[in-house]
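Asks: Here it is, the structure, as structure tokens.
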Amino acid sequence: MQEGQIYERLNVIFGDVFDDDSLALKAETTADDVDGWDSLSHIRLVLSVEKAFSVKFSAAEVGKLKNVGELVGLIQSKI
Amino acid sequence: MADDLYARLAWLPPKPDDFSASCRALLAEETASAADFGRRVQALAQYALDENALNRLAKVIALARGAGKSLAPLTPFRLGVLSNTTSHFLVPALVATAVRHGIDLVCEEADFDQVIQEALNPDSMINRGKFDAVLVAIDHHGLPLRPAPGDAEAAARSVDEAMKQLATVREGIRANSNALCIVQTLARPPETLFGSFDLGLAGTLRNLIDGFNRALAEDVAGSKDILLDVAQMAETVGLANWHDPTLWNIGKLPFASQYIALYVDHVCRLIASLRGKSRRCLVLDLDNTLWGGVIGDDGLEGILIGQGDATGEAHLEVQRVALSLRDRGIVLAVSSKNNDDVARKPFKEHPEMLLKEDHLAVFQANWSDKASNITAIAEELALGLESFVFLDDNPAERNIVRQTLPAVAVPELPADPAYYARVLLASGYFEAITLSDEDRKRAAMYQDNARRVALQKNVADIGSYLLSLDMVMTVQPFDEVGRARIAQLIAKSNQFNLTTRRYTEVEVAEAERDPDCMTLQIRLADTFGDNGMICVIICRRSDRAWHIDTWLMSCRVLGRRVEEATLQEILFQARQHEIDTLIGTYRPTERNNLVEKHYEKLGFTLLERKDDGTTVWQLSVAETPEVELPMQVRRLGFAEKAPLPLAAEA
Chain A
1 MQEGQIYERL
11 NVIFGDVFDD
21 DSLALKAETT
31 ADDVDGWDSL
41 SHIRLVLSVE
51 KAFSVKFSAA
61 EVGKLKNVGE
71 LVGLIQSKI
Chain G
1 MADDLYARLA
11 WLPPKPDDFS
21 ASCRALLAEE
31 TASAADFGRR
41 VQALAQYALD
51 ENALNRLAKV
61 IALARGAGKS
71 LAPLTPFRLG
81 VLSNTTSHFL
91 VPALVATAVR
101 HGIDLVCEEA
111 DFDQVIQEAL
121 NPDSMINRGK
131 FDAVLVAIDH
141 HGLPLRPAPG
151 DAEAAARSVD
161 EAMKQLATVR
171 EGIRANSNAL
181 CIVQTLARPP
191 ETLFGSFDLG
201 LAGTLRNLID
211 GFNRALAEDV
221 AGSKDILLDV
231 AQMAETVGLA
241 NWHDPTLWNI
251 GKLPFASQYI
261 ALYVDHVCRL
271 IASLRGKSRR
281 CLVLDLDNTL
291 WGGVIGDDGL
301 EGILIGQGDA
311 TGEAHLEVQR
321 VALSLRDRGI
331 VLAVSSKNND
341 DVARKPFKEH
351 PEMLLKEDHL
361 AVFQANWSDK
371 ASNITAIAEE
381 LALGLESFVF
391 LDDNPAERNI
401 VRQTLPAVAV
411 PELPADPAYY
421 ARVLLASGYF
431 EAITLSDEDR
441 KRAAMYQDNA
451 RRVALQKNVA
461 DIGSYLLSLD
471 MVMTVQPFDE
481 VGRARIAQLI
491 AKSNQFNLTT
501 RRYTEVEVAE
511 AERDPDCMTL
521 QIRLADTFGD
531 NGMICVIICR
541 RSDRAWHIDT
551 WLMSCRVLGR
561 RVEEATLQEI
571 LFQARQHEID
581 TLIGTYRPTE
591 RNNLVEKHYE
601 KLGFTLLERK
611 DDGTTVWQLS
621 VAETPEVELP
631 MQVRRLGFAE
641 KAPLPLAAEA
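Shown next as structure tokens:
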């Protein structure tokens, strides 16, 4: 899957989780940029991503993520 | 996956694509009246919503409350949540799901892992929150269950301590706030220490949890509190699915998030039951629901019910479940599109039928729409529509009842009848927290009955419903592709069959070639899919008249104005062939009195009534106006005989 496609699908997933359809994710996007992205909604986000891409992340992988770019990289390494 | 039924709440209709848009639209409207708003949120909650959709709906509710809107007429309820695990995700899911059950839920959670403190401190959030109930969501991590394999004494002590700890919590909440507690059984982890040996060996975690669950169930039964059987839920979907070690390690989530919707639905069933909102009456369809096949066409010998046949056993299981529900106080009724005497026959005469007429409080077999029939049953039994569950294999019937009577619960059913009984019970519509003597006797109060009640005028706006079905009728002359199915329908159809003339496949092929025959095979598709061939017509020319030799239809599509559309097609063809008059004949048989008035209803005039009951009817082609009907007509394969404007696809 192309990186662009992953971003496209992530925009939909983020929109669903944070109830904001206007998000345009970039590699540098972090939790500070998205309203309501706290440690608990982070778990929900990770679960939604796992479901959408049919992948599974370990606790260590989830804990290390710094921004959306790293999440995309993690997804790419699994599919 | 078999656990999809539970995880996806598959008894509820799937979430529509425009769900998010509907949520936004509901918020944007400022004019919505107070009473209307609660009902409309409830309508959105009727779908099978996943966690994200539940969150979205909870947000709508929170924003609307913030803006001063009320969820009336839903029943208010205040729930506190106390947990040793992360209950954060449960709160919005509970609020949105409660609306599905008619509850306007205010839900607040205590801080993470503060169970004992919150229960014992009179000034705690939980004790000052004026809650009607507190959900004590404790899993096995939150109790002092210490495995001691082989040490029976230590095991008993451990279970006892765990029970005492929970009792402290329950008593604290009762003493300080007067709320009742909803307490949980423990879902045991899938891991075993020895293997199968764990079950019998005192002190294994499995052994401790089993002991605790049994002790808890007994203790709760004698108290004001209510039991939420989480162990049963987890075992139903599979312990290995339920427990997600990664999620536990990351965020102390008590179970895999895919089961949140299921878990909160179970909690809300209990709350609804507490507030007297459990369903009380099950209305059953007959053909392909209580038995396999169509009694009017297949006859007593042809329907499938009972042992020795897979389909028959599946339907027998539906009857068994219905009967068990009746034994615990659920009232049973029948609503079927059938003639009354035909529909009652299996109950009277079929030896494998478990259900008898005596078990049914009301028996509605007629050709009116089911929404009208359910309304009549509700009036007869003096029960509100929100007490009703309607079980029907036919998606079109389910949908019309859902649209016109939103208060009635209508479980979705899969194609395979083997799952009907399971889906009905998985839905939890009959959740109860007590069993009284009155419950046991209730069904018997209706013993003498199996009454039929008069219908009021149709409750539903059938016209707009039919339009919403997007029906497409495809009309073709007989051809080789359709021949076998045509011959089969001619051989098999009994109820909607005007003349019941039987023809072989060879004779059908002859009619196909005969220049004096006008033949039609008609298929019908709608939003639910393709109904296949639903009508066969044979007209034979005599001068400038057509004798309608054969007119048969599938009873499945009755009440959708397909009869009128078919007549319109015959008239259309008649004009192409310069025919002036249609002659229709009704030949009575034991099974076709459904269509005795068929030609009369379609505007034919009576020519002759014979001694054997046969009637002959006539209609002038020129004098019959065209009417607007709620379906689109496609004509295929007519191009050679008469070039038609609509035959472009052919």
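Residue numbers (UniProt numbering), protein chains in the order written: chain A, 1 to 79; chain G, 1 to 650.
We put the beta carbon where it would ideally sit given N, CA and C, even for glycine.
These figures come from a predicted structure and were not determined experimentally.
Can you tell me the Cα-Cα spacing of GLY15/A and CYS107/G, whole angstroms?
Replies: Roughly 25 angstroms between the two C-alpha positions.
Asks: Would you decide whether LYS641/G is buried or exposed? Buried here means 16 or more other CB atoms lie within 10 Å of its CB.
Replies: With a pLDDT of only 49 at LYS641/G, under 50, the local geometry of the prediction cannot be trusted, and no value is derived from it.
Asks: Pick out whichever of THR404/G, ALA45/G, ALA361/G and ASP287/G has its Cα sitting closest to the Cα of SER468/G.
Replies: The shortest C-alpha separation from SER468/G is found at THR404/G.
Asks: Going by other Cβ atoms of all chains shown within 10 Å of its Cβ, with 16 needed for buried, is ALA382/G buried or exposed?
Replies: Exposed, by the Cβ-count rule.
Asks: Would you call the CB atoms of LEU552/G and CYS535/G closer than 9 angstroms?
Replies: Result yes, Cβ atoms of LEU552/G and CYS535/G sit closer than 9 angstroms.
Asks: Please compile the residues from chain G whose C-beta is within a distance smaller than 9 angstroms of the C-beta of LEU40/A.
Replies: Chain G residues near LEU40/A: THR86, HIS88, PHE89 and GLY251.
Asks: Measuring straight from C-alpha to C-alpha, what distance separates THR585/G and PRO417/G?
Replies: Distance between the alpha carbons of THR585/G and PRO417/G is about 38 angstroms.
Asks: Which residues in the same chain have their Cβ closer than 8 angstroms to the Cβ of VAL115/G, if we skip the five residues on either side of it in sequence?
Replies: Correct list, in chain order: LEU82, SER83, ASN84, VAL136, ILE138, GLY142 and VAL169.
Asks: Leaving aside the five residues before and after LEU524/G along the sequence, list all residues of the same chain whose C-beta is less than 7 angstroms from its C-beta, in chain order.
Replies: Closer than 7 angstroms at the Cβ level, and outside the excluded window around LEU524/G, lie MET471, MET473, ASN531, ILE534, VAL557 and VAL562.
Asks: Quick one: which chain G residues come within Cβ less than 9 angstroms of ARG9/A?
Replies: Within chain G, no residue comes near ARG9/A; the closest Cβ sits about 14 angstroms away, beyond 9 angstroms.
Asks: Cβ closer than 8 angstroms: which chain G residues qualify as neighbours of GLY19/A?
Replies: According to the sequence as given, residue 19/A is Asp; it is not Gly. Here the neighbours are ASN55, ARG56 and LYS59.
Asks: Compare the C-alpha of GLU565/G against each of PRO625/G, PRO515/G and LYS610/G and name the closest.
Replies: Reading off the sequence shown, one finds Ala at residue 565/G, where the question assumed Glu. Checking every option, the nearest Cα to that of ALA565/G belongs to PRO625/G.
Asks: From the beta carbon of ASN241/G, is the nearest beta carbon of chain A less than 9 angstroms away?
Replies: No, its Cβ sits nowhere closer than 9 angstroms to a Cβ of chain A.
Asks: Would you check if the distance between the CB atom of ILE182/G and the CB atom of VAL134/G is smaller than 9 angstroms?
Replies: Yes, Cβ-Cβ distance for ILE182/G and VAL134/G is below 9 angstroms.
Asks: Flag this pair as yes or no: are the beta carbons of VAL508/G and PHE478/G separated by less than 9 angstroms?
Replies: Against a cut-off of 9 angstroms, the Cβ pair of PHE478/G and VAL508/G comes out as a contact.
Asks: Which of the three DSSP states, helix, strand or coil, is assigned to PRO149/G?
Replies: Coil, per DSSP.
Asks: Going along chain A in order, which residues have a C-beta closer than 7 angstroms to the C-beta of ASN52/G?
Replies: Ordered by position in chain A, the residues that pass the 7 angstroms Cβ test against ASN52/G are ASP16, VAL17 and SER48.
Asks: What did DSSP end up calling ASN449/G once you bin it into helix, strand or coil?
Replies: Any answer about ASN449/G is weak, because its pLDDT of 49 lies below 50 and its placement is not dependable; what the coordinates show is given next. DSSP places ASN449/G in coil when its eight states are reduced to three.
Asks: Checking the sheet assignment: what are the DSSP bridge partners for VAL331/G?
Replies: In DSSP, VAL331/G forms a bridge with CYS281/G.
Asks: Report yes if the CB atom of LYS337/G is closer than 9 angstroms to the CB atom of ALA310/G, and no otherwise.
Replies: Taking 9 angstroms as the Cβ cut-off, LYS337/G and ALA310/G do not qualify as a contacting pair.
Asks: Go through its chain and collect everything with a Cβ distance to THR519/G's Cβ below 7 angstroms, but skip five positions before and after it.
Replies: Closer than 7 angstroms at Cβ, skipping near neighbours: PRO477, PHE478, ALA511, GLU512, ILE537 and ILE538.
Asks: Taking only three categories from DSSP, how would you classify GLY529/G?
Replies: GLY529/G: strand per DSSP, three-state reduction.
Asks: State the beta-bridge partners of ALA48/G as determined by DSSP.
Replies: Answer is PRO14/G, bridged to ALA48/G.
Asks: Within the continuous beta strand (DSSP E) that includes PHE390/G, where are the two ends?
Replies: Looking at the DSSP string, the run of the beta strand (DSSP E) that includes PHE390/G is 388–391.
Asks: Between LEU332/G, THR615/G, GLU397/G and ASP327/G, which lies nearest to LEU466/G when the distance is taken from Cα to Cα?
Replies: Per the Cα distances, GLU397/G.
Asks: Between the alpha carbons of ASP448/G and ASP580/G, how many angstroms are there, rounded?
Replies: Interpretation of ASP448/G is limited by its pLDDT of 48, a score under 50 that renders its predicted location unreliable; the figure taken from the coordinates is listed afterwards. Answer to the nearest angstrom: the Cα atoms are 55 angstroms apart.
Asks: In the DSSP assignment, what residue or residues form a beta bridge with SER83/G?
Replies: DSSP, once it has assigned bridges, lists ALA137/G as partnering SER83/G.
Asks: Alpha carbon to alpha carbon, how far is ARG560/G from VAL334/G?
Replies: Approximately 22 angstroms between the Cα atoms of the pair.
Asks: Cα separation between GLY63/A and TYR259/G?
Replies: Spanning the two alpha carbons is a distance of roughly 23 angstroms.
Asks: Do SER87/G and GLU118/G have their CB atoms nearer than 9 angstroms?
Replies: Not a contact, by the Cβ cut-off of 9 angstroms.
Asks: Considering just the uninterrupted stretch of the beta strand (DSSP E) at GLY584/G, what are its terminal residues?
Replies: GLY584/G -> beta strand (DSSP E) spans 581–586.
Asks: In three-state DSSP terms, what is LEU304/G?
Replies: Three-state DSSP puts LEU304/G in a strand.
Asks: I want to see whether chain A comes within less than 9 angstroms of ASP448/G, judged by CB atoms only; does it?
Replies: With a pLDDT of 48 at ASP448/G, under the threshold of 50, the modelled position of this residue cannot be trusted, and the question is left open.
Asks: Which residue comes first and which comes last in the beta strand (DSSP E) that contains ILE182/G?
Replies: ILE182/G -> beta strand (DSSP E) spans 180–184.
Asks: Would you mind working out which of ASP611/G, THR192/G and GLU569/G sits nearest ARG587/G, comparing C-alpha positions?
Replies: ARG587/G has its Cα closest to that of ASP611/G, out of ASP611/G, THR192/G and GLU569/G.
Asks: Using C-beta distances below 6 angstroms, list every residue in its chain close to LYS370/G, excluding the 5 sequence neighbours before and after it, in chain order.
Replies: If we look at LYS370/G and ignore the five residues flanking it on each side, its Cβ neighbours are SER335, GLU397 and VAL401.
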